[in-house]
Amino acid sequence: MIEINHSCRAFLNNKGQVVIRVRWNNRKDEVGFSVGCNADPDKWDKENQRARYNTTHKVGGKTVVARDINNRVSQFLECIEESFTEYSLNSQLPTKSELKELVNEKLGRIKEEAVQDAPIKQEKSFREIFNDFLEVCSTERSWSESVHHKYVQAWNHLNSCDPSISLATLDKNKMTELKKWYVKNGYRNRTTVKQFRILKSFLRWIDANGYPVEQGVLSYKVNLTVTKKEVTFLKYKELLHFASFQFPKSKEYLDRARDMFCFMAFTSLRYSDLSALKRAHISNGNIEMYTQKTNDRITVPIIENAQKIIDKYSWYHSKNGTIFPVASNQKLNDYLKEAAELAGLDREIVETYFIGTQRHEEIHKFYETISCHDGRRTFVCCSLALGISPTVVMSCTGHADYESMKPYIEVADETQKMQMEKWNTHQYKSDIIESLDKMNPTQLKELCEHIRSIA
1 MIEINHSCRA FLNNKGQVVI RVRWNNRKDE VGFSVGCNAD PDKWDKENQR
51 ARYNTTHKVG GKTVVARDIN NRVSQFLECI EESFTEYSLN SQLPTKSELK
101 ELVNEKLGRI KEEAVQDAPI KQEKSFREIF NDFLEVCSTE RSWSESVHHK
151 YVQAWNHLNS CDPSISLATL DKNKMTELKK WYVKNGYRNR TTVKQFRILK
201 SFLRWIDANG YPVEQGVLSY KVNLTVTKKE VTFLKYKELL HFASFQFPKS
251 KEYLDRARDM FCFMAFTSLR YSDLSALKRA HISNGNIEMY TQKTNDRITV
301 PIIENAQKII DKYSWYHSKN GTIFPVASNQ KLNDYLKEAA ELAGLDREIV
351 ETYFIGTQRH EEIHKFYETI SCHDGRRTFV CCSLALGISP TVVMSCTGHA
401 DYESMKPYIE VADETQKMQM EKWNTHQYKS DIIESLDKMN PTQLKELCEH
451 IRSIA
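Using UniProt numbering, you'd call the opening residue of the sequence shown number 1 and step up by one each time.
The following block contains the structure:
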């Protein structure tokens, strides 16, 4: 007796026919059986491989209930299992024709009425399936170029790990091998976990479209330690210092880069929205626009510091109506690093991360890490530090809920100090009011004149 490893999968083909695909002999042999009925794709449970309970299916003018469809599927599966058991007891592997013949016999069909083989498409290569995925999903989900690039990158990583990778060889062991490849090549655990998430998104699409995915692959857990991502931003005093810093006239490009950063920090705009900002978006002292990234409508009050920057660049006119001379994202990030260094933004930032089980710690100066997105984070953190409610901040940034804004919130020392300073402020107010109550009219008049002289 031998144990014959085999797999059975019930699914709908592109015509809505219920098909059972059987594979054995290390996936070298494959037979497809059409169970003889159709089902509505919207009422088919892909996970359980059955028609959804208590549903009615009208396909091609015929009506059939879920119970009948599922009974037929179960009948076929029972006959298939019995056939493999018989061959296993005889220590034999069935050929394709032998399995078909035995299953038909168990179903009580004569040769002329034998179950017809479901047409099995020419097996596509793993690469061809991936190309189909890119083509279909990029259209259906309106992918941006950056999203498309992320999936291509994940695919390239998988092929770098195993140049001969195929869907048949992608199992739990291969997933572990891929994890080791990331560690060996110095990828941080955060990146590794992200890449696995992208890969599994592709594999779920494969599974949903009737391709076989090895058991345990979709449920595979990377199990790597990921530290909380360091949120970098300018503290309130640093922001004001940077905004007023005087750059040499020979480095006018740094002055411009600083202004663009500070405008983002004063308004919460992303780089993409800054680049697209037009005068038509400014109305009644507000910026009103749909964000480029998420198409959320935002209304951001223009504070004095932001208005000064708008006025400073009133000379600028572009063909498409944008109000700022914004450099490319990469150039702006490079200029910001140079500008921040010149302005003395050298606060040290400690970054802790893991590669595999190895803990790493790096110390950077702020000017070494500053980028456009720090402007948006600066807006969130400084607004909260100034006592502006999270609800108001979210209305400016476009975040849907408090949870989605969490990554941007960093309760730094300065934030805590500014909040706790309210104790002192209220104490001073109480002392002043108590003293005023004890003063006579003459003393109050003298105090008022003194205040006017120093105000």
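For every residue, glycine included, the Cβ atom is placed at its ideal position computed from N, Cα and C. Computed from a prediction, not measured in an experiment: that's the story for all the values here.
Contact under 9 Å by Cβ, residue i with residue j
| i | j | result |
| --- | --- | --- |
| L234 | L386 | no |
| A343 | R258 | yes |
| A168 | E214 | yes |
| S326 | M260 | Note on identity: in this sequence residue 326 is Val, with Ser being the wrong assignment. Yes, these two residues count as a Cβ contact at 9 Å. |
| E341 | K365 | yes |
| I69 | F33 | no |
| D300 | S328 | Note on identity: in this sequence residue 300 is Val, with Asp being the wrong assignment. No, Cβ-Cβ distance for V300 and S328 is not below 9 Å. |
| Q92 | I165 | no |
| R376 | M264 | yes |
| F266 | I298 | no |
| F324 | T227 | no |
| V193 | V147 | no |
| G356 | L158 | no |
| L444 | E338 | no |
| Y236 | S201 | no |
| T95 | D45 | no |
| A78 | L102 | The sequence as given places Glu at residue 78; Ala does not occur at that position. It is not a contact, given that the beta carbons lie outside the stated cut-off. |
| T232 | K278 | no |
| V392 | V380 | no |
| K172 | Y211 | no |
| V31 | S7 | no |
| C262 | W205 | no |
Residue i classed as buried or exposed, judged by whether at least 16 other C-beta atoms fall within 10 angstroms
| i | result |
| --- | --- |
| Y53 | exposed |
| Q195 | buried |
| N104 | buried |
| E238 | buried |
| I110 | Per-residue confidence for I110 stands at a pLDDT of 48, beneath the threshold of 50, marking its modelled position as unreliable; no derived number is given. |
| T397 | buried |
| F89 | At residue 89 the sequence reads Leu, which differs from the Phe that was named. Its Cβ having fewer than 16 others within 10 Å, L89 is exposed. |
| C448 | exposed |
| A280 | exposed |
| Q416 | Interpretation of Q416 is limited by its pLDDT of 49, a score under 50 that renders its predicted location unreliable; the figure taken from the coordinates is listed afterwards. Its Cβ having fewer than 16 others within 10 Å, Q416 is exposed. |
| V64 | buried |
| D437 | exposed |
| V35 | buried |
| I451 | exposed |
| I120 | Residue placement at I120 is poorly supported in this model, since its pLDDT is 47, which falls under 50; the coordinates still yield a value, given next. It is exposed - the Cβ of I120 has fewer than 16 other Cβ atoms within 10 Å. |
| Y335 | buried |
| N189 | buried |
| V411 | With a pLDDT of 49 at V411, under the threshold of 50, the predicted position of this residue should be treated as unreliable, and no value is reported. |
| H317 | exposed |
| E113 | With a pLDDT of 44 at E113, under the threshold of 50, the predicted position of this residue should be treated as unreliable, though the coordinate-derived value follows. Exposed: under 16 other Cβ atoms inside 10 Å. |
| W24 | buried |
| I287 | buried |
| S383 | buried |
| K184 | exposed |
| S83 | buried |
| D413 | Caution is warranted here: a pLDDT of 47 is assigned to D413, below 50, making its placement in the model unreliable, and the coordinate value is therefore given only provisionally. Label assigned to D413: exposed. |
| T139 | exposed |
Nearest to residue i (by Cα), restricted to the options the options
| i | options | result |
| --- | --- | --- |
| Y367 | F242, T139, C8 and K312 | F242 |
| K229 | E361, H281 and T322 | E361 |
| D207 | I433, P441, F11 and I454 | F11 |
| Q75 | L107, K337 and K28 | L107 |
| E47 | N159, Y151, R9 and A339 | R9 |
| S160 | Y335, T232, Y182 and E82 | Y182 |
| R67 | H6, H399 and A51 | A51 |
| I20 | H57, V73 and S283 | V73 |
| R359 | Q307, E304, G186 and E98 | G186 |
| S144 | S244, N295 and R204 | N295 |
| K58 | C37, N71 and S244 | C37 |
Proximity test, Cβ basis, 9 Å: residue i and chain C
| i | result |
| --- | --- |
| D40 | Protein chain content of the structure displayed is limited to a single chain, and chain C is not contained in it. |
Opposing strand residues paired with residue i [DSSP bridges]
| i | result |
| --- | --- |
| E30 | R23 |
| F11 | V19 |
| M289 | I298 |
| residue 497 | Within the shown structure, residues of the chain are numbered from 1 to 455, placing residue 497 beyond reach of any answer. |
| Q358 | I355 |
| I363 | V350 |
For this session: Count the C-beta pairs between the stretch 2 to 19 and the stretch 28 to 42 that are closer than 8 Å, then say yes if the count reaches three, no if not.
Result: yes
Problem set entry | At least 3 beta-carbon pairs within less than 8 Å: the stretch 241 to 248 vs the stretch 282 to 292 | no
Problem set entry | At least 3 beta-carbon pairs within less than 8 Å: the stretch 129 to 143 vs the stretch 168 to 184 | no
Exercise. Counting pairs of beta carbons, one from the stretch 367 to 386 and one from the stretch 269 to 280, are three or more of them closer than 8 Å?
Worked result: yes
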